[in-house]
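I have placed the structure first, in the form of structure tokens, so that the comments after it can refer back to it.
Chains as they are written, first to last, in our numbering: chain G, 40 to 952; chain S, 19 to 372.
Here it is, written out as structure tokens:
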């Protein structure tokens, strides 16, 4: 009886499947006593008779000419009979399946190789699918197309309509699992069939669902807030095993909620500073903007907030960064592999994303700190259609300066603000447009000594369209501007120096998702640059400095890119991409040529020409292959490798180690060739204890061509022949990064150790006297062989957490004197070493902080938290710089400048409405 | 509670601001490698009839101490050669100095040749430029604010030397650098009968450790007006009559670059925004061993000088004499015998106007 039921159910499914078939052949099945019969005619006759007798249906339809073929009737054996019958049935997309020695089943053709257990399971699923107790994804006919299905979706908080970051999706009690990313999105690959799905997130009710999965699909869930919950303690930022499964090497992600837990300087949550806890990332010192990624220059990092590029990502000369913590959702740093949609920098890409607008409800967040205050508003202007995100920060230190009874301090100011807004309009679930605007201003005056002003502005607009459910088209236009001005405020010869970069970008990006976790990404990007390489003039009325304004430099950069993830097998995944970039200067521009020499000497150009206004010249291009592979070793382990070539057509010219307002950007041209790097990375990744502990060891090596270095005593400011103050050479960065991370549980930690070198070589063959360090490899400014960071978070309860951060790194290289000589009246003139031959003292620092989250009920409108922190706990006077000063006649003393030489306590009050 | 928060806020603001402005600067131990066994040759010849000097010493390691000077080299042969191969020998005098009284010719090219222990050190030929006279100088008193270690602002008394001059030779901009010296009166001050209290005239270099090199092309019409050459502490040296002598040296471009680079290294007000220092290449090489680094330079310059005299009364800024700072029982030796002061003479210079 059971068998018959199975057979009938199978039959039912066949009928269901083939209703659209023009033959609508019908049933099929059975038969007993066929196996040993040797008479073909008898075989067929009995087959037909039994079918009619048992099920009352014909097995063929006379009107369609479906009479048994002669070959079938003439079958000599059972095997022959099966073979012949299959030939006949396959024409109608059916096949005969041996059920047992005495029973056959006619099935859809795709089930020809199925087992009886498969059929039982299939019928079981069909039966359950009809029940409302099960959530069904996909259609039954796709059940046999692959053994697994990729389910993706978004987990949101229906109250705020905001994505829930770090929600855990557990399949069948944790046999498979993942975690939502910073957008609340997840993707998980599961075996097709019946599963029990559990979704949990801190502060939200658990969601449970029985599910039948036939095929890839989406599954979106709304999690309700717990009656008493906490807002700021979610730590998970990505899928538990994403570090192992991710194909790209050297990718690091930090959610803003993780960043907010880090001890911070003066209580200011800082995206850039948080990156310093990652392996391979360091800085040149405290109070310095920019980051060093794997030994690269600070200017070799492409820093995005959504689509706006930050050429100087710092506020207050580097004490803080431009990122508003309440408007930033996550930060993703590509330091090894770089998807081909990114280009223009050779070291790394930092992609930060602004929060998405809340479609249903307004929310207000903010914070009051000692140095700045912030506010962020987020909500729908038109519910489900038009959203607005608006926020800003304002430095609040100046009113305090007035309280300091020191005239020089009272005469100083540290003003900064930033303002940010994002508007999205949703025509439909698949079509939207949006605009974004960012503006920041820094106005820093250091007593009567110097004044720095710099501004970053950016605006972007986008159109997004989902086509056919699996093609995602994005069109973007972005315009940005960075300007800086330095005035040294000297009484005599006061100098003002202005510089800046303006850019416009058009980008089209298409992602085709085949629902097999192997998307294709193609696109095109066009960037128009207008660079102010420098304008120097008198900084005061009585200054003797002459005006010197260099002409604006224009250029175009065009890039075509394609990326494809390929799952070669269940073990091996590849991501291969190609970026073709081209660059051209645009007139009006004077082009100077210096012959075939490998250096440029002032006044020695052999010829020059003028590139007419609007005309392109000096066209160059770069072929940038990007390739990554991941081989799954099983047991939550993988090995990865990657090769990347990257080109950079704009360089920051600096003769200081730290990023300062006197640094300026210079476009490539016929003399300053584009920098390019070839980078190879390999790594092994292994998670332990059900992905609770993540470990990795990565090795990398990068060869850089056309690295720009300044000559000794380079005259860089507003120098129309700046190439004569520069040298082009080679660079290489290599190292090993060890990472250990625990991100789940009451105790979480991250340990990062980097062993690395960053070297440069300026071997000027045509004039060896210009070579740096006799043309040998030497330490770059960013060579810090040892970098160790330990971060620990302890969450004894949901209302409080303690955070510790310790950092140690080798002192960065400096050029230092090792002898002295007397020349005329300059007794004790120091003899400086070869470039970067010494180091400043090693750097180390301990920070602690405590977060207090008063409990609140979900219907409570005002939610708040406190952050108490102590930065530089043991008051280490870390050297920012070591320099040497003449002390009287013939005496040379060594001094260490510590930017922060004290303990810095802080307190910040955060609120949310 | 609010008071505490305000206190913390103000304290933090003070710290961050002061640290931002001045940082936390402290002297540290520093260990450097010994320099190679090199020599330091420093020579200057001018168009004026005066002692033309070349000084030769050993280079000193920083490890040897901040105030140690190099051992003088006395067994070298020093020769100046012009483009017509005329040779001018500079015999050894003392303390590593080789000198002769000569006047060199504007427009001629000269090079320095030094023979020492079978090695030959030789400069490039450098042309003696056309001299450019100084228009005038001005001495001004001013106060300069500075922040002390405890964060308070103090006013330092300063005397500035300001320059008015053209920086062209009639045809083209010139490169110059300066030396600021002078003399001041020092009066003995003690209760005694004989000898009578003396007045000494102390010669000094006001610009030790300071150097200014200028490029005429950097200034409008190649003229500078009221440019501060030097600011020195306004102290006992200016209690009585004193005079500043400004020497303006016109040099060629490579010499200007040498001195300008050196000035960037030695200037006392270096900040973190200054270009990192580097190796200053000499125009002298060791021809018998080109890999040996030679420190110093051979400077060929035309010279013009201006004196400026004044005193504290004219400046209307009284200054307490040196000896008045002490009680009579503790007056130092120089208050009883000013001739013990280096550079001192009791002979009133012929050019002294008072």
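All C-beta atoms, glycine included, are put in the ideal place defined by N, C-alpha and C.
From a predicted model like this one, the values you see are computed outputs, not experimental measurements.
Beta carbon of residue i nearer than 8 Å to that of residue j
{"i": "residue 301 of chain S", "j": "residue 56 of chain S", "result": "no"}
{"i": "residue 956 of chain G", "j": "residue 88 of chain S", "result": "Nothing can be reported for residue 956 of chain G: it is not among the residues displayed for chain G, which extend from 40 to 952."}
{"i": "residue 578 of chain G", "j": "residue 534 of chain G", "result": "yes"}
{"i": "residue 426 of chain G", "j": "residue 396 of chain G", "result": "yes"}
{"i": "residue 190 of chain G", "j": "residue 252 of chain G", "result": "yes"}
{"i": "residue 693 of chain G", "j": "residue 333 of chain G", "result": "no"}
{"i": "residue 105 of chain S", "j": "residue 91 of chain S", "result": "no"}
{"i": "residue 610 of chain G", "j": "residue 553 of chain G", "result": "no"}
{"i": "residue 200 of chain S", "j": "residue 130 of chain S", "result": "no"}
Partners in chain G for residue i, counting only beta-carbon separations shorter than 7 Å
{"i": "residue 105 of chain S", "result": "Residues of chain G passing the Cβ test: none, with the nearest at roughly 23 Å."}
{"i": "residue 313 of chain S", "result": "860, 870"}
Helix, strand or coil at residue i according to DSSP, with G and I counted as helix
{"i": "residue 325 of chain S", "result": "strand"}
{"i": "residue 271 of chain S", "result": "helix"}
{"i": "residue 147 of chain S", "result": "coil"}
{"i": "residue 416 of chain G", "result": "strand"}
{"i": "residue 320 of chain S", "result": "strand"}
{"i": "residue 216 of chain S", "result": "coil"}
{"i": "residue 125 of chain S", "result": "coil"}
{"i": "residue 944 of chain G", "result": "strand"}
{"i": "residue 250 of chain G", "result": "strand"}
{"i": "residue 43 of chain G", "result": "Only weak support is given to the placement of residue 43 of chain G: the predicted model assigns it a pLDDT of 33, under 50, and the value that follows is read from those uncertain coordinates. Reduced to three states, the DSSP call for residue 43 of chain G is helix."}
{"i": "residue 364 of chain S", "result": "coil"}
{"i": "residue 311 of chain G", "result": "helix"}
{"i": "residue 341 of chain G", "result": "strand"}
{"i": "residue 36 of chain S", "result": "Reliability of the predicted coordinates at residue 36 of chain S is poor, the pLDDT of 49 falling under 50, and no value is obtained from them."}
{"i": "residue 245 of chain G", "result": "coil"}
{"i": "residue 255 of chain G", "result": "coil"}
{"i": "residue 109 of chain S", "result": "coil"}
{"i": "residue 176 of chain S", "result": "strand"}
{"i": "residue 308 of chain S", "result": "coil"}
{"i": "residue 425 of chain G", "result": "strand"}
{"i": "residue 229 of chain S", "result": "coil"}
{"i": "residue 709 of chain G", "result": "coil"}
{"i": "residue 281 of chain G", "result": "helix"}
{"i": "residue 240 of chain S", "result": "helix"}
Proximity test, Cβ basis, 8 Å: residue i and chain A
{"i": "residue 359 of chain G", "result": "The question asks about chain A, but that chain is absent: this structure's protein chains are G and S."}
Per-residue contacts from residue i into chain G (C-beta, under 9 Å)
{"i": "residue 299 of chain S", "result": "751, 808"}
{"i": "residue 279 of chain S", "result": "751, 752"}
{"i": "residue 176 of chain S", "result": "By Cβ distance, chain G contributes nothing, its closest Cβ being about 11 Å from residue 176 of chain S, past 9 Å."}
{"i": "residue 189 of chain S", "result": "Chain G residues near residue 189 of chain S: none, gap ~18 Å exceeds 9 Å."}
Contacts of residue i in chain S (Cβ-Cβ under 9 Å)
{"i": "residue 893 of chain G", "result": "Near residue 893 of chain G there are no residues of chain S at all, since even the closest Cβ is about 17 Å away, more than 9 Å."}
Beta-carbon neighbours of residue i, restricted to chain G and to distances below 8 Å
{"i": "residue 147 of chain S", "result": "Here the premise fails: no neighbours, minimum Cβ distance about 17 Å."}
In chain order, each beta strand (DSSP E) run of at least 3 residues that lies wholly inside the region 368 to 402 of chain G | 387 to 393
Jot down the residue ranges of each uninterrupted beta strand (DSSP E) in the region 590 to 662 of chain G, minimum 3 residues, whole runs only, in chain order.
-> 592 to 606, 611 to 625, 628 to 632, 646 to 650
Just list the alpha helix (DSSP H) runs in the region 459 to 502 of chain G, keeping only unbroken ones of 4 residues or longer that don't cross its boundaries, in chain order.
-> none
Counting pairs of Cβ atoms below 8 Å between the region 734 to 749 of chain G and the region 640 to 656 of chain G, do you hit three or more?
-> A contact is defined here as three or more CB-CB pairs under 8 Å, and the region 734 to 749 of chain G fails this definition with respect to the region 640 to 656 of chain G.
Do the region 396 to 416 of chain G and the region 707 to 714 of chain G touch if we need at least three Cβ pairs shorter than 8 Å?
-> no
With contact counted as at least three CB pairs below 8 Å, one residue from each stretch, are the region 804 to 816 of chain G and the region 835 to 853 of chain G in contact?
-> Cβ pair count under 8 Å is below three, so no.
Indicate whether the contact test is met: 3 or more Cβ pairs, each with one atom in the region 779 to 791 of chain G and one in the region 822 to 841 of chain G, closer than 8 Å.
-> With three or more CB-CB distances shorter than 8 Å, the region 779 to 791 of chain G counts as touching the region 822 to 841 of chain G.
Inter-stretch contact (C-beta, 8 Å, three-pair minimum) for the region 331 to 347 of chain G and the region 425 to 439 of chain G = no
Quick one: any contact between the region 169 to 184 of chain S and the region 140 to 160 of chain S, if contact means 3 or more CB pairs under 8 Å?
-> Touching, yes, given that three or more Cβ pairs across the two stretches are closer than 8 Å.
Taking three-plus beta-carbon pairs below 8 Å as touching, is the region 682 to 695 of chain G in contact with the region 625 to 634 of chain G?
-> no
Counting Cβ pairs, one atom from each stretch, are 3 or more of them under 8 Å apart for the region 759 to 779 of chain G and the region 360 to 368 of chain G?
-> no
Would you list, in sequence order, the uninterrupted beta strand (DSSP E) runs of no fewer than 3 residues that lie entirely inside the region 52 to 102 of chain S?
-> 57 to 64, 68 to 76, 95 to 100
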